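Colleague:
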Amino acid sequence: MLVLLKGKCKHYLTKYADPFQISDELINYYGVVLQNYLNTKNYQAAYDLRNKFNSDGLFLNWNGQISKQLWLAVWKLYFGNYENGKATLIQIIDFKSMFPTSFSLNIDAIFKIRVADSKDYRLLQKKQ
Numbered sequence: 002m003l004v005l006l007k008g009k010c011k012h013y014l015t016k017y018a019d020p021f022q023i024s025d026e027l028i029n030y031y032g033v034v035l036q037n038y039l040n041t042k043n044y045q046a047a048y049d050l051r052n053k054f055n056s057d058g059l060f061l062n063w064n065g066q067i068s069k070q071l072w073l074a075v076w077k078l079y080f081g082n083y084e085n086g087k088a089t090l091i092q093i094i095d096f097k098s099m100f101p102t103s104f105s106l107n108i109d110a111i112f113k114i115r116v117a118d119s120k121d122y123r124l125l126q127k128k129q
């Protein structure tokens with residue numbers, strides 16, 4: 002499914018531009034996939050997804066940049082530098098508070114759930 006979607010999206014991307022903001026949609030899609038993998042405890046697939054957020058040639062607007070940092074921070078909670086990931090999520094929450102309208106992503110809920118779940122995951126990894 003990931004390969005199929007990426008292939009279809011490449012049709013709308015050029016080397017120089019992303020007129021339909023497909024890159025932002027891909028980041029959002031990969032975020033949903035990451036959450037799904039984490040929810041279903043498919044940790045290897047979640048781990049492997051990191052490179053999708055770091056793809057070269059993505060033309061991201063502000064929303065895409067924020068989403069990218071959000072999902073990379075969630076990834077770090079589980080597989081990278083936990084403290085760095087948590088600090089990035091806190092920065093995103095602080096940034097969000099500057100605006101009177103709410104963001105479309107429920108960052109506070111993602112933060113709460115993923116911090117707790119990643120602690121459980123890391124504890125389980127230590128026991129194995």
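The numbering used here puts the first residue of the sequence shown at 2, with every later residue one more than the last. Beta carbons are placed, not taken as given, at the ideal position from N, Cα and C, and that holds for glycine. Note that the coordinates shown come from a computational prediction; the quantities given were computed from them, not determined experimentally.
(1) What does the Cβ neighbour count give for S68, buried or exposed, with the cut at 16 atoms within 10 Å?
(2) Which one of W76, C10 and L61 has the shortest CA to CA distance from R123?
(3) Taking all protein chains shown into account, decide if K128 is buried (16 or more other Cβ within 10 angstroms of its Cβ) or exposed.
(4) Reducing DSSP to helix, strand and coil, say where Q92 ends up.
(5) Does the segment 44-56 come close enough to the segment 16-31 to have 3 or more Cβ pairs within less than 8 angstroms?
(6) Under DSSP, the alpha helix (DSSP H) around A18 begins and ends at which residues?
(7) Smallest Cα separation from Q22: which of N43, W63 and N37?
Modeller: Reading from the atomic positions:
(1) Counting Cβ neighbours within 10 Å, S68 comes out buried, since at least 16 surround it.
(2) Closest option to R123, Cα to Cα, is W76.
(3) exposed
(4) helix
(5) Yes, the segment 44-56 is in contact with the segment 16-31.
(6) Segment: none, A18 is in no alpha helix (DSSP H) and carries neither H nor E.
(7) By alpha-carbon distance to Q22, the top candidate from N43, W63 and N37 is W63.
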